[in-house]
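As structure tokens, the structure follows; a few thoughts come after it.
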Amino acid sequence: MIVRLLALAFAAASITAAAGAQAVDRTLPAQLSVPTRATLERLIDSARVAGLPIDPLYSKVREGVFRSADESRVVAAVQRLARDLGDARMALGDSAGAEEVTAGANALRAGLHPADLSRLREARRPRSDHPLTVALVVIADLATRGVPAAMAVASVNELVTRNVSDGSLLSFRQNVERDLVGGRSPASALDARTRALIDDERRRP
Amino acid sequence: MSEPDSPRWLKEVTDELRRDVIVRSTWRTRLLEEVARARKPSAHDTVDERFDDEGELGHQPERHHRAITLGPLAGLAAATVLVALGAGVTYMAMSARGGGSADRQRSVAAAPPQLVSGAPASSEREVVRFELSAPRASRVALVGSFNEWNPVATPLSRDPASGKWVVSLRLPPGRHVYAFVVDGDVTADPAAPRAADDDFGSTNSVVLVTAPRT
Amino acid sequence: MVVTHPSVPGFNLATMTDALLVRRVLDGDTAAFTTLVDRHAAACTRFATRMLGNREDAEDVTQETFLRAYRSLARYEERHAFRTWLFQILINRCRTAAIRRQRQRHMFLVDDNAIALASVRPVGELSDLRAELQRVIDALEPDQREAFLLKHVEQLSYDEMAAATGVGVSALKMRVKRACDRMQWLLREASDVGT
């Protein structure tokens, strides 16, 4: 196995959805009260039975405990995430892997509509079956930085249609972020960077 | 919003709920096009004409064939779903026009849930290096989905050469969510993409780990 | 908006009663159906949006409703108001859509309090009144939600509601009352959490 160091926590190339890769402790922390744990167990089990990724749900619980949130808030967050995961699964289809569905749920949370996810899937599908994980992470990120969700989706959709690589999508995100920090408006930053990336792709042999 | 104990709450609520809804012109056009295509109704239509409730107007419900796998709690989950559908089932019994509600009940209960597929888990991990510039900090730790958000599990240490706080971790492939704890304050990674959910007050960062190439 | 029939100058569909418009459609005048759509689409969309919780589903369901109404127009009986008859179709479409969605989307329902609390605006999140109200409405049981919306939003009489839902008047009154009690409780919880 080749060990590779990735600088600054970015993925450089494609991501495979490792179904069932158990990165997460699947028990509920003892700090939570018994009724809350029972509620969460039922929620998570419903999700499991529905074929949704449950690691993100366990993580959400752990995060809530770490942040000393009220138990009702933890339950609300898990319920909301479960619902978003379900919607993302519906929109992305049964063949979408755990990471893609999770990224999809996050994109919905960022303000996308399930129809946007389906459209992204349609945009990619003719050319490849490659997961939309990176595209979705990029959209969600831009939306948290003040780019209107619809605008972010439109740009990334264009790039996905042109089969832009994951690495290029991540650089695109970085560049847009830089432009935004520099004071550029979301519309003009997106427009310029999308155009630039499309031009680059065209020039590629 | 006024104190919910008085009937005024009801008036405020209903005033808001009664606000006019705009009918989109694209929706209207589509409907009228469908109407134009449909067979014209006439007073002489036989009243016997039945509509099948599912899929009649182009809404084909997806039919999936899923294997039922019962885990220890799946029975409870199925019961939960049935209880949850209790209200819905009553609904259907009341609205049933001619048979079929019993069948539907059965098919809803039998709608097989699916467990996560048993694909072999990849145990290959990649080494990922996390970096943070925080010159005035005395303690920095990493918390995230890969260490159960445990603030003592993964401390960073200062790299003497760059002065930055660093740590390298082996992570399985996939999407992970994380943040830094800098002298007790939780902060996102300024260099990484952000997650959109801020359920507990602040945003987290995302790291995407590739699978190693063999 | 004044709609005049092209072949008959001065003829004004907009002033006709619903029953009369239905008769015209059955006689072959499709434009009369357009007038019916324009009269009732907003109320249908509004009810469906509240009932199902989202606009897209509501539009699909309202579309289906009007198409079904069009095709089965011969079955409309004038002793009921047209809107009541239309709502009967709409209510059934909403029920079917909700059940179909439940099957597909696996609603994560647990005990009542968890649902109620989860429906409450989380501290720190900005939400406008409308979103908050929708959450409260979503937290009602479907038959209570339906009854509440018909009575207090669409403002049908209990008799009309009975005709549209197939449920008896006293049962409907009970559902409306329960819905109001529950909404009050949820709204109070929401304002407590917010402090």
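Chains as they are written, first to last, in my numbering: chain A, 7 to 211; chain B, 1149 to 1362; chain C, 188 to 382. Glycine is no exception: its CB is placed at the ideal position from the N, C-alpha and C atoms.
Asked                                                                                                                                : Found
C:His-339, enclosing alpha helix (DSSP H) - first and last residue                                                                   : Neither: C:His-339 is in no alpha helix (DSSP H) and is coded neither H nor E.
contact_flag[the stretch 353-371 of chain C, the stretch 320-328 of chain C] where n(CB pairs < 8 Å) is 3 or more                    : yes
Same chain, Cβ closer than 7 Å to C:Phe-220, five either side skipped, listed in chain order                                         : Val-212, Tyr-257
Chain C contact for B:Trp-1297 (CB, 8 Å cutoff)                                                                                      : no
With 16 other Cβ atoms within 10 Å as the buried cut-off, status of B:Ile-1170                                                       : exposed
Distance, B:Glu-1160 Cα to B:Val-1275 Cα                                                                                             : 57 Å
Residues near C:Thr-222 in its chain [Cβ-Cβ closer than 7 Å; skip 5 each side]                                                       : Val-190, Leu-200, Ala-201, Leu-208
Stretch-stretch touch, CB-based, cutoff 8 Å, three pairs: the stretch 68-81 of chain A with the stretch 98-107 of chain A            : no
The stretch 76-87 of chain A touching the stretch 127-143 of chain A, judged by at least three CB pairs closer than 8 Å              : no
At least 3 beta-carbon pairs within less than 8 Å: the stretch 1301-1311 of chain B vs the stretch 43-53 of chain A                  : no
Rounded separation between C:Gly-381 and A:Ala-111 - CA only                                                                         : In this prediction, C:Gly-381 scores a pLDDT of 44, lower than 50, which makes its location untrustworthy; no coordinate-derived value is stated.
Whether C:Leu-359 touches C:Ala-285 by CB criterion (8 Å)                                                                            : no
Cα-Cα separation between C:Cys-231 and C:Phe-274, rounded to whole angstroms                                                         : 7 Å
6 Å CB neighbourhood of B:Val-1355 in its chain, flanking five on each side removed                                                  : His-1324
B:Ala-1339 vs B:Thr-1351 beta-carbon contact at 8 Å                                                                                  : no
Chain B contact for C:Tyr-345 (CB, 8 Å cutoff)                                                                                       : no
B:Arg-1306 at chain A interface by Cβ criterion, 8 Å                                                                                 : no
Limits of the unbroken alpha helix (DSSP H) element including A:Ser-161                                                              : 155-167
Distance CB(A:Ala-116)-CB(A:Thr-139) smaller than 8 Å                                                                                : no
Residues within the stretch 1333-1360 of chain B neighbouring chain A, beta-carbon criterion of under 9 Å                            : Val-1334, Asp-1337, Ala-1339, Ala-1340, Pro-1341, Arg-1342, Ala-1343, Ala-1344, Asp-1345, Asp-1346, Asp-1347, Phe-1348, Gly-1349, Ser-1350, Thr-1351, Asn-1352, Ser-1353, Val-1354, Val-1355, Leu-1356, Val-1357, Thr-1358, Ala-1359, Pro-1360
DSSP three-state assignment for A:Gly-1, whether helix, strand or coil                                                               : The displayed coordinates of chain A run from 7 to 211. Any statement about residue 1 of chain A would go beyond what the structure contains.
Interface residues of chain C facing B:Ser-1190 [CB-CB closer than 7 Å]                                                              : Leu-213, Ala-261
Buried or exposed by the 16-neighbour rule on C-beta atoms within 10 Å, applied to C:Ala-318                                         : exposed
Contact under 8 Å by Cβ, C:Thr-271 with C:Ala-206                                                                                    : no
Closest residue to B:Phe-1294 among A:Asp-61, A:Leu-165, A:Leu-196 (Cα-Cα distance)                                                  : A:Asp-61
Contact set for C:Val-356: own chain, Cβ-Cβ below 8 Å, skip 5 residues either direction                                              : Tyr-345, Asp-346, Met-348, Ala-349
Any chain B beta carbon closer than 8 Å to C:Met-370                                                                                 : yes
Selection from C:Ile-278, C:Arg-210, C:Leu-260 that minimises the alpha carbon distance to C:Leu-337                                 : C:Ile-278
CB contact below 8 Å: C:Ala-229 versus chain B                                                                                       : yes
Contacts around C:His-293, its chain only, beta-carbon distance under 7 Å, and the 5 residues preceding and following it disregarded : Bear in mind that the predicted position of C:His-293 carries a pLDDT of just 44, short of 50, making it too unreliable to give a figure here.
One or two residues paired with B:Phe-1278 in a DSSP bridge                                                                          : B:Val-1315
Below-8 Å beta-carbon distance, C:Arg-288 vs any chain B residue                                                                     : no
Beta-carbon proximity of C:Thr-217 to C:Ala-235, cut-off 8 Å                                                                         : no
Residues, ordered as in the chain, of the stretch 138-151 of chain A that lie near chain B by beta-carbon distance below 8 Å         : Thr-139, Val-140, Val-143, Val-144, Ala-146, Asp-147, Ala-149, Thr-150, Arg-151
Buried or exposed (CB count within 10 angstroms, at least 16 for buried), C:Arg-332                                                  : buried
heavy atom of the ligand FMN below 7 Å from B:Val-1325 C-beta                                                                        : In the structure shown, the ligand FMN is absent, as is every other ligand, since no ligand is present at all.
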